[in-house]
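Scroll down for the structure; my scribbles are underneath it.
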Amino acid sequence: MSTAGKVLVVLVMLVSIGCLILAGGVAQLHYNANQRLQKLDSDLEKAQAGIDSTRAEIAQTRDLTNIMQEKLDREIAALRSQQTDLERTRSQVTDMLARLQADLKTVNDTIASARESHQVRIAEFNADTGAMDDLRRRVNELKATNSEMTGRLQSLRDQFQKSYHDSLQRIGSRR
0 MSTAGKVLVV LVMLVSIGCL ILAGGVAQLH YNANQRLQKL DSDLEKAQAG IDSTRAEIAQ
60 TRDLTNIMQE KLDREIAALR SQQTDLERTR SQVTDMLARL QADLKTVNDT IASARESHQV
120 RIAEFNADTG AMDDLRRRVN ELKATNSEMT GRLQSLRDQF QKSYHDSLQR IGSRR
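Heads up: the sequence shown begins at 0 in numbering that gives the first Met the number 0, then just goes up one per residue.
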């Protein structure tokens, strides 16, 4: 055998060993890839189960969210209704307060006017009382003067009667 044949035999042997090594590497790679594929399949199944359970949870959460949103909307509507009622009541109270303040002002003005009128009446009463006292004093003076005058009149009557009787007696004695 020639040198070329020997080199070729060695090369063929080396290539066949290399092919065996490569075939072993490919087999190992397929084995590892199959294991990895099986693992990915099991992971995919777990992920699919997780996705299904997550979808169920999402649907349940959406339902709960919708329920809570509806409940919240009803509560907001009720609160707005209460707020409207409170604002209406506040408006009524404000109007009533304004009316009562106007009435209070009117009553205070009336009270002030009544006090002024009362002071005027007290002054008039005091003036009338003073005038009455003056008139009573004057009446008492007039009564005293009247008593004196009545006494004097009576004495003059008595004197007249006496003079009259005396004159009648004188006339009667002259005749």
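Where is the CB? At the ideal position from N, CA and C, for every residue including glycine. As the structure is a prediction and not an experimental result, all values here were calculated from the model.
For the pair Val-106 and Leu-96, the Cα-to-Cα distance works out to about 15 Å.
Leu-19 and Gln-34 have their C-alpha atoms roughly 22 Å apart. Straight-line spacing of the CA atoms in Thr-64 and Ala-55 works out to 14 Å. Shown here, Ser-80 sits in a helix according to DSSP, grouped into three states.
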